[in-house]
Amino acid sequence: MLTIRFLRQGKKHQPFFKIVVIDKRRSPKSGKFVEEVGFYNPLTKEKRLNKERILYWLSKGVTTSDSVHNLLVKEGIIKGKKIPVHSVKKQKEELPSEPAAESPSEQTTESPTEQKTEASSEQVTESSSEKVTE
């Protein structure tokens, strides 16, 4: 299955992107793409898109990545709404004001180390009490 997505190029902190048609399973860094259909430089906001070739590939059933889809909508090549790219954090639901009764599985159990320390402290008090009574 083919998709249209960005292929990052450039040095550290100086990226530019080729917009390529590539097999979806292939890593975009492999460099083996079917066709280059555009170019985008986010630093200078320079864009070069081959509208005819993009429309051709879309007519053949090629999908687009979310970021490329948003770029094509912004440039007016395709119509539709932009897709939210950033993940939205879920807000924690408020806890009920009164705590519900705990089920037996939710009751806290002591860890084995806590049980050992309690057992050893009981032995110490028993041995000290035996010494006092003798």
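Residue numbers for the sequence shown follow the numbering used here, so the first one is -16 and each next one is one higher. Positions of the beta carbon are idealized from the N, C-alpha and C atoms, including for glycine.
Asked: Close-in-space but distant-in-sequence residues of the same chain around Trp40 (CB under 6 Å, 5 per side omitted); Found: Val4
Asked: Between the CA atoms of Gln(-8) and Gly133 - distance to the nearest angstrom; Found: Residue 133 is absent from the model: the chain starts at -16 and stops at 117.
Asked: Paired residues, beta bridge with Leu(-15) - DSSP; Found: Asp6
Asked: Leu55 - DSSP class collapsed to helix/strand/coil; Found: helix
Asked: Cutoff 8 Å; reference Phe0; Cβ partners in own chain excluding five residues on either side; Found: Phe(-11), Leu(-10), Arg(-9), Gln(-8), Phe22, Tyr23, Asn24 and Pro25
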